[in-house]
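The numbering of the sequence shown is UniProt numbering, which starts it at 1 and goes up by one. Remarks on the structure that follows.
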Amino acid sequence: TNMGLEDFASVLNTHVVGHFKVVKAAWPHFVKQHYGRVVMNCSEAGLHGHFGQLNYAAAKGALLGMGQTLGQEGFKDGILCNVICTEGLTRMTNDLLPEDQRISEDELQRTQQPAAFPVAYLCHETCKATCGVYRVEHGHIQA
């Protein structure tokens with residue numbers, strides 16, 4: 001809450017408008033071929049907030065609504081949209097937390113598991129899921 005409007009808007013522009021621009025460019029092609037897959041890259045911050053990151057949490061939360069809406073709108077055209085929420089704790093973000101909430105270096109390493117496998121599945125032609133929100137953390141996937 002100590003940030004200025006420019007800092008707040010800049011992060012929303014990067015994450016929300018950035019996702020919108022990519023989807024806007026691809027959507028007509030998806031409709032034409034009656035097939036498409038969209039995976040929004042959200043964050044645990046979008047689900048639960050993150051201390052010291054109001055702008056980031058707001059931007060990532062917006063992607064949840066965007067993903068759900070795109071999944072509903074695209075379904076009739078064979079376009080599926082899902083959202084993955086990764087836990088992106090890093091040394092930088094860990095340092096933003098109050099000292100009693102910080103995690104150990106070992107735990108930090110375990111949180112940085114790749115999200116490539118769930119994204120690959122959600123983009124595959126055999127995937128029929130849409131409007132899903134999937135948490136990817138510690139190498140596990142949870143709907």
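Beta carbons: idealized from backbone N, C-alpha and C, even for Gly.
- A residue is called buried when at least 16 other Cβ atoms come within 10 angstroms of its Cβ; Ser43 meets this threshold and is buried.
- DSSP, read as helix, strand or coil, puts Tyr35 in coil.
- Close CB contacts of Leu12 within its chain, under the 8 Å cut and outside five residues either way in sequence, are with Asn55, Ala58, Ala59, Ala62 (chain order).
- Taking all protein chains shown into account, Val136 has 16 or more neighbouring C-beta atoms within 10 Å of its C-beta and is therefore buried.
- Straight across, the Cα-Cα distance linking His15 with Asn41 is about 9 Å.
- For Val11, the enclosing alpha helix (DSSP H) stretches over residues 5-12.
- The Cβ atoms of Val38 and Cys81 lie closer than 7 Å to each other.
- With fewer than 16 other CB atoms across the displayed protein chains lying within 10 angstroms of its CB, Ala143 is exposed.
- Runs of the alpha helix (DSSP H) lying entirely within the region 11-90, each at least 4 residues long, are 18-33, 44-48, 54-74 in chain order.
- In the DSSP assignment, Arg102 is bridged to no other residue.
- The three-state secondary structure of Glu137, taken from DSSP, is strand.
- When the alpha-carbon of Gly52 is set against those of Glu125, Ala116, Leu96, the nearest one is in Leu96.
- Contact annotation, Leu64 with Val133: C-beta distance approximately 6 Å; criterion of less than 8 Å satisfied.
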